[in-house]
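Colleague: Just so we're aligned: the sequence shown equals residues 0 to 358 in numbering that gives the first Met the number 0.
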Amino acid sequence: MTATPAAQTAGDTRMEQLVKARAYGLGFDLVGITQLGEAETAAAFDAWLARGYAGEMAYMERTAEKRRDSRRAIEGATRAIVVAMSYGGTEPSGPVARYARGDDYHDIMVGRLRELHGWIEEQLGRVVPGKAYVDTGPLLERDLARRAGLGWFGKNTMLIHPRAGSFFFLGALLVDLDLEVDAPFASDHCGTCRRCLDACPTGALVDAHVVDATRCVSYLTIELKGDIPEAMRPLIGELLYGCDVCQEVCPWNVRFARENRVPEFTPRDSLTNKNARELSQDLLAMSPEEFSAAFKGSSMKRAKLRGLKRNAAVVLGNVGTADDADVLTRALDDEEPLVREHARWALDRPRCATSEFRA
Ligand code: B12
Ligand code: SF4
Ligand code: SF4
0 MTATPAAQTA GDTRMEQLVK ARAYGLGFDL VGITQLGEAE TAAAFDAWLA
50 RGYAGEMAYM ERTAEKRRDS RRAIEGATRA IVVAMSYGGT EPSGPVARYA
100 RGDDYHDIMV GRLRELHGWI EEQLGRVVPG KAYVDTGPLL ERDLARRAGL
150 GWFGKNTMLI HPRAGSFFFL GALLVDLDLE VDAPFASDHC GTCRRCLDAC
200 PTGALVDAHV VDATRCVSYL TIELKGDIPE AMRPLIGELL YGCDVCQEVC
250 PWNVRFAREN RVPEFTPRDS LTNKNARELS QDLLAMSPEE FSAAFKGSSM
300 KRAKLRGLKR NAAVVLGNVG TADDADVLTR ALDDEEPLVR EHARWALDRP
350 RCATSEFRA
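#1: For ligand 4, is there a heavy atom less than 7 Å away from the beta-carbon of ALA293?
#2: Among GLY148, ALA41, ALA311, LEU17, which has the Cα closest to the Cα of LEU123?
#3: Give the secondary structure of PHE356 by DSSP, where H, G and I count as helix, E and B as strand, and everything else as coil.
#4: Name the DSSP beta bridge partners of TYR240, please?
#5: Quick test of your reading: GLY446 and CYS189, contact by CB under 8 Å. State the CB separation rounded to the nearest angstrom.
#6: Run the proximity test for ILE80: is its beta-carbon closer than 7 Å to any non-hydrogen atom belonging to ligand 3?
#7: Going by DSSP in three states, ASP45 sits in which element: helix, strand or coil?
#8: Which whole-angstrom value describes the C-beta separation of VAL180 and THR33, a residue pair presumed to lie in contact below a C-beta threshold of 8 Å?
#9: Looking only at C-alpha atoms, which of ARG67, ASP102, ARG162 sits nearest to LEU138?
#10: Residue range of the alpha helix (DSSP H) that THR33 falls in?
#11: For ASP106, which residues of its own chain have a beta-carbon under 8 Å away from its beta-carbon, when the five flanking residues on both sides are left out?
#12: Can you tell me whether GLU15 is helix, strand or coil according to DSSP?
#13: Going along the chain, which residues of its own chain have a beta-carbon closer than 6 Å to the beta-carbon of TYR132, five neighbours each way excluded?
#14: Please output, in chain order, the residues near ligand 3 using a CB cut-off of less than 5 Å to any non-hydrogen atom of the ligand.
#15: In chain order, which beta strand (DSSP E) runs of at least 3 residues are fully inside the stretch 163–248?
#16: Quick check: GLY24 and VAL81, are their CB atoms within less than 8 Å of each other?
#17: To the nearest angstrom, how far is it from the Cα of ARG70 to the Cα of GLU39?
#18: Identify whether ALA53 lies in helix, strand or coil by the three-state DSSP scheme.
#19: If LYS65 sits next to ALA57, beta carbons under 8 Å apart, how far is it from one beta carbon to the other, in whole angstroms?
#20: I want to see whether chain D comes within less than 8 Å of PHE167, judged by CB atoms only; does it?
#21: Roughly how many angstroms lie between the CA atoms of ARG339 and ARG348, to the nearest whole one?
#22: According to DSSP, SER85 sits in a beta bridge with which residue or residues?
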């Protein structure tokens, strides 16, 4: 433990312990506390940006100054209560990444962190300035999490905990409160293993601990708004939305991934009962109204219907058969040029093409 004074106590129990107990009670799997300050990985982050690995995620560059130093996120905050929540790493693999199969984790986790914040204020009987962040804030969340003792940086860049693997989300409640901090996670348990680097389907793990996002399936199928580069399309295989490959092969997940215990993260039937082809066919035929209804409350809305149709066309180009020609041909009339172009590409792929079609 780093020696910082613990100013708040309630009875005989230290505030840190109470906060952690409450956080576990709210369903978080891991909790740690760290001091805000300059990110230890700021230099690695700068090098990553300089090499263009953020691609079109302009917000990473725009908010870089804040990300380098977590004290800049909100005025006056001194501590981060960092949490992790497992989302079902034991579920079978499939065309949609595990994290996106249930309800949007941003809403669920921010809601629970706000509950924790309210509870702290109630315990102390005063206002505690603070703010909850999950994913979208200007923070290097993995940096904060390692400093709070939640795990090490895997060679696949995931934060990994020795008894929980890496299939969990991270979040942080930044507060102006003098809590005693936890020791950082100092060891590294990757050793000589390189399974994730070898398994990545697109070669996005350009080095240990370095993801070139512009090659990562997660970026290509979610963050990228325009055309997926043609050279990358065949490498995407049947991955429709996101990618779990570099986590699935990790021995720490094979052994320690936890089951989902959060009802809201339960996979939607519409996603789990269908294979990549069936799901892609459904998406390509979907109207905006059907899309809104089917994906209400889902983080998959981030890619919008046009992005999902684009991905579906790529998947059918990779794993479809001549039986998918009809749905792809109809997509040639889609109002979105993006969808039309990817459908055309898919139809020209040997698996989908028939002589009738090529004419
Ligand atoms: C941008 C982003 C992406 C991008 C870029 C990914 C990336 N690795 O940077 C894309 C779209 C590709 C992506 C994909 C995914 N993401 Co994402 N993403 C983010 C986001 C918003 C920022 C990440 C970031 O700062 N990148 C900058 C680079 C430099 O950092 P980094 O690669 O994470 O590297 C870290 C360490 O490896 C270390 N480091 C860097 N170089 C070196 C060198 C050495 C020698 C060492 C020791 C360390 C080290 O420093 C960095 C930490 O500061 C965070 C949320 C947040 N606000 O932090 C979520 C986040 C990282 N993503 C998350 C998830 C779940 C995913 C996916 C699994 C989703 C999916 N299934 O498709 C994939 C996993 C891909 C992967 N292997 O990273 C979780 C990760 C949870 C965890 N256990 O680690 C986060 C934290 C969101 C959340 N709140 O839960 N993501
Ligand atoms: S998420 Fe998939 S594409 Fe991205 S680095 Fe991991 S294995 Fe490679
Ligand atoms: S697969 Fe191996 S090298 Fe990659 S993160 Fe897991 S333990 Fe580390």
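Yeah, the Cβ is synthetic: ideal placement off N, Cα and C, and Gly gets one too.
Modeller: Quick look at the numbers:
#1: What this structure holds is ligand 1, ligand 2 and ligand 3, not ligand 4.
#2: LEU17
#3: Residue placement at PHE356 cannot be trusted, given a pLDDT of 42 that sits under 50; what the coordinates show is reported in the next sentence. Correct three-state label for PHE356: helix.
#4: VAL95
#5: Summary: the structure shown does not reach residue 446, with the chain confined to residues 0 through 358, and so no result is reported for it.
#6: no
#7: helix
#8: 5 Å
#9: ARG67
#10: Premise fails: THR33 lies in the beta strand (DSSP E), 29–34, not in any alpha helix (DSSP H).
#11: GLY296
#12: helix
#13: LEU138, ALA171
#14: GLY153, LYS154, ASN155, CYS189, CYS192, ARG194, CYS195, CYS249
#15: 167–174, 204–206
#16: no
#17: 13 Å
#18: coil
#19: About 14 Å separates the two Cβ atoms, so there is no contact after all.
#20: Among the chains in the structure shown there is no chain D, since it carries only a single protein chain.
#21: 15 Å
#22: PHE167
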